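A.B. asks: If you read the sequence shown in my numbering, its first letter stands for residue 221, the second for the next number, and so on. Right, I'll just put the structure down here and ask away after.
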Amino acid sequence: MTYLIVMCPYCGEIRAIKENQKTALCYKCGRRFRTLNARIVMRSVPSNKVVEIIKYLKTRKGRELLLQTWGREINA
Ligand SMILES: [Zn+2]
C-alpha cells in the first residue's frame, strides 16, 4: 500500500491518503475534498516514509518548496 501526499484545496493543510482513496477529510478545516481536486504533492509514498515527509513539508524549508511550486495559490 502506498500513499499520496496531498494539499487540502481549501486551507492548504498537508496530509497523506491512500492512493486508491477518492475523497479525504481535512483535519485542519474539517472539509471533505475529492482527491482529484487536491494538489498532489507526492505520489507512491511508502507508509514508512509518510510521517517523515509530512513533517518535512511543515517545516519552513518544506513550506518554501511548496510555495515555489504553487506560489500564491497557497493561502495558509
Ligand atoms: Zn483544509
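C-beta: ideal position from N, C-alpha, C; glycine also. Since we're looking at a predicted model, the values are computed, not measured.
Confirm the yes/no value for this check: CB of residue 248, any heavy atom of ligand 1, distance under 6 Å.
C.D. replies: yes
A.B. asks: How many Å lie between residue 296 and residue 233 at the Cα?
C.D. replies: Any reading at residue 296 needs caution, since the residue's pLDDT is 49, under 50, leaving its predicted position unreliable; the model's value is listed next. Spanning the two alpha carbons is a distance of roughly 7 Å.
A.B. asks: Can you give me the Cβ contacts of residue 246 inside the same chain, cut-off strictly under 6 Å, excluding the 5 residues immediately before and after it?
C.D. replies: 228 and 233
A.B. asks: Leaving aside the five residues before and after residue 264 along the sequence, list all residues of the same chain whose C-beta is less than 6 Å from its C-beta, in chain order.
C.D. replies: 222
A.B. asks: Look at the Cβ atom of residue 259, then the Cβ atom of residue 230, and state whether they are nearer than 7 Å.
C.D. replies: For the pair residue 259 and residue 230, the CB atoms are not nearer than the 7 Å cut-off.
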